[in-house]
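According to our numbering, the stretch in the sequence shown is residues 638 to 709, in order.
Since the structure comes first, as structure tokens, the remarks are kept for the end.
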Amino acid sequence: MDDTLTIHLDEPPLREADAQAVMDQVITCKPLDPEIVARVRERGARVTEEIRRKFGTVNIAVPLLREIRDEA
């Protein structure tokens with residue numbers, strides 16, 4: 638993704654419009670515009686990468702599942 642698009646991903650009006658479009662899609666089940674899907678996925682990928690850089694890979698699912706099984 639080019640730097641110009643990356644910068645625009647962080648603009649609050651665009652983030653808010655994309656969030657509203659996703660909420661509308663959830664309510665109406667109408668398909669999202671592919672550009673919105675691409676922006677939302679890119680933001681998600683950036684957040685995921687930032688979390689991995691800060692905390693490393695965090696594997697809590699397996700211990701939680703084991704804990705639940707032991708309590709059942």
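Even glycine gets a Cβ: it sits at the ideal position worked out from N, Cα and C.
Inset, instruction - Tell me whether the beta-carbon of Gln662 lies closer than 9 Å to the beta-carbon of Pro671. - result: no
Inset, instruction - Pick helix, strand or coil for Gly681, following the three-state DSSP scheme. - result: helix
Inset, instruction - Tell me, please, whether the region 652-661 touches the region 673-683 by the rule of three or more beta-carbon pairs shorter than 8 Å. - result: yes
Inset, instruction - Figure out for me which residue from Ile697, Glu679 and Ile664 has the closest Cα to the Cα of Arg652. - result: Glu679
Inset, instruction - Return the Cβ separation of Asp707 and Val677 in integer angstroms, given the expectation that the two are a contact with Cβ distance under 8 Å. - result: Contact doesn't hold; Cβ gap of about 37 Å is too wide.
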